[in-house]
Amino acid sequence: MAKILIIDDSRLIAHVAKTILTKGGHEVFLAQDGLAGLEAAKAQQPDIILLDLIMPVMDGYQVCEQLKKEESTKEIPIIMLTSKAEPADKVKGLQMGALDYVTKPFDEGELVARVNIQLQLKELYEALQEKNRQLQEMANRDGLTGLFNHRYFHDQLSKDFLRARRYHETLSCVLLDIDHFKKFNDTYGHQTGDVVLSTLGRIIEDSVRDSDLAARYGGEEFALVLYHTDGPAALHVSERLRQAVEGCEVDAEGKTLNVTISLGIATFPHEQIRDSKELVECADKALYQAKENGRNRVEVFDK
Ligand SMILES: [Mg+2]
Numbered sequence: 154m155a156k157i158l159i160i161d162d163s164r165l166i167a168h169v170a171k172t173i174l175t176k177g178g179h180e181v182f183l184a185q186d187g188l189a190g191l192e193a194a195k196a197q198q199p200d201i202i203l204l205d206l207i208m209p210v211m212d213g214y215q216v217c218e219q220l221k222k223e224e225s226t227k228e229i230p231i232i233m234l235t236s237k238a239e240p241a242d243k244v245k246g247l248q249m250g251a252l253d254y255v256t257k258p259f260d261e262g263e264l265v266a267r268v269n270i271q272l273q274l275k276e277l278y279e280a281l282q283e284k285n286r287q288l289q290e291m292a293n294r295d296g297l298t299g300l301f302n303h304r305y306f307h308d309q310l311s312k313d314f315l316r317a318r319r320y321h322e323t324l325s326c327v328l329l330d331i332d333h334f335k336k337f338n339d340t341y342g343h344q345t346g347d348v349v350l351s352t353l354g355r356i357i358e359d360s361v362r363d364s365d366l367a368a369r370y371g372g373e374e375f376a377l378v379l380y381h382t383d384g385p386a387a388l389h390v391s392e393r394l395r396q397a398v399e400g401c402e403v404d405a406e407g408k409t410l411n412v413t414i415s416l417g418i419a420t421f422p423h424e425q426i427r428d429s430k431e432l433v434e435c436a437d438k439a440l441y442q443a444k445e446n447g448r449n450r451v452e453v454f455d456k
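Note that the numbering used here numbers the sequence shown so that position 278 is 431, with each residue one more than the last.
Okay, here's the thing in structure tokens:
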């Protein structure tokens, strides 16, 4: 069942069409002029619009133009209803964005068939859009952990950094690395290494706010962007994450593994940080410091 809006100034025509389409199981709304039609289209969000071309005050072309301009109605398929058989009118309507036309007085079978074709096309189009959205989402994600990937992290951070600079917002970046990760791979094999990585991914996901950005930066390295978060608050989040990892026992093929991480934090604004690249570099320096100072700890850049 689809929602269909008929915009036609002729009550007779509109009711005939409504009767035919209601019989086909559709829910039909009527509007008697262009303005009422535009409002109904916005309010009802129909699956398809049947639009009369010849109406007083606002004709079908104007309605079509408005529907295409408006964000909430521009994707709704339009079929023109025209009593004029002249090709020029049909061409004009099609050029303005209508997908098809039915000539009045219409044949019941033809009206139903043309409406159904457009409804099927709409469904296919929506399924395609959903598929594209899923593909886009997958392209931004790391396959193993489900966190965002390196490329997305950099794209997003560079945008976020510009915004933070313009609006004087505080922004923290945390880089973290699994301590002695090589030993998991070397001792237990790569599958176990992958279990460690995906477990850490889950802990990170649970530890950050939904509004923050968590990414697998590469190998055994992860990155966080904490929005509206100053140094002390970022330290708090990082320390909590460090403890969560330390307290977690990773179960890998019957073996219980203890994992620790080292973390480095850099926070903007800072005199040495002028762009997103420098923010990450400074977080990396702090991470290096955490490794130097014995691992399983958090260091803040230029504290
Ligand atoms: Mg008319």
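Every residue, glycine too, gets a C-beta built ideally from N, C-alpha and C.
Computed from a predicted model, the values in this text were never measured in an experiment.
- Item | Opening and closing residue of the beta strand (DSSP E) in which M233 lies | For the purposes of this step, residue 233 is taken as residue 80 along the sequence shown, with counting starting at 1. That run of the beta strand (DSSP E) goes I231 to T235.
- Message: When you measure from the CB of M208 to every non-hydrogen atom of ligand 1, does any distance come out below 6 Å?
- Response: Here residue 208 corresponds to residue number 55 of the sequence shown, with the count starting at 1. Result yes, Cβ under 6 Å from ligand 1.
- Query: Going along the chain, which residues of its own chain have a beta-carbon closer than 6 Å to the beta-carbon of L300, five neighbours each way excluded?
  - Reply: In the sequence shown, residue 300 corresponds to position 147, counting from 1. Cβ neighbours of L300 beyond the five flanking positions: G354, A367, A368 and R369.
- May I ask you to report which of helix, strand or coil DSSP gives D409? Reading the sequence shown from its first residue, position 256 is the one you call residue 409. This sequence places Thr at residue 409; Asp is not what is there. Three-state DSSP puts T409 in a strand.
- Message: Bridge partners for I418 per DSSP, in chain order?
- Response: Mapped onto the sequence shown, residue 418 falls at position 265. Partner(s): V327 and V453.
- Taking 7 Å as the cut-off, decide whether the C-beta atoms of G177 and V244 are in contact. Taking the first residue of the sequence shown as 1, we reach residue 177 at position 24. Taking the first residue of the sequence shown as 1, we reach residue 244 at position 91. No. Outside cutoff.
- Query: Does DSSP classify G371 as helix, strand or coil?
  - Reply: The residue labelled residue 371 in the question sits at position 218 within the sequence shown. Residue state, collapsed to three classes: strand.
- Cα-Cα separation, V451 to I418: Looking up residue 451 in the sequence shown gives position 298. Looking up residue 418 in the sequence shown gives position 265. V451 and I418: Cα-Cα distance of roughly 8 Å.
- Message: Looking at ligand 1, does it come within less than 6 Å of S364, judged from the CB to the closest heavy atom?
- Response: Indexing the sequence shown from 1 puts residue 364 at position 211. Checking the Cβ of S364 against ligand 1 gives no.
- Going by DSSP, which residues form a beta bridge with D205? As a first step, residue 205 is located in the sequence shown; it is residue number 52 there, counting from the start. According to DSSP, which records beta bridges pairwise, D205 is partnered with L234.
- Query: Once you ignore the five residues that flank L174 on each side, which residues in its own chain have a CB closer than 6 Å to its CB?
  - Reply: Here residue 174 refers to the residue found at position 21 when the sequence shown is read from its first residue. For L174, where only same-chain residues beyond five positions count, the Cβ hits under 6 Å are I157 and V181.
- Item | Whole-angstrom distance between E283 and I231, CA atom to CA atom | By one-based count along the sequence shown, residue 231 stands at place 78. By one-based count along the sequence shown, residue 283 stands at place 130. Taking the straight line joining both Cα atoms gives about 22 Å.
- Alpha-carbon to alpha-carbon, Q198 and R319: Residue 319 sits at position 166 when you count from the first residue of the sequence shown. Residue 198 sits at position 45 when you count from the first residue of the sequence shown. Each residue's alpha carbon lies about 38 Å from the other.
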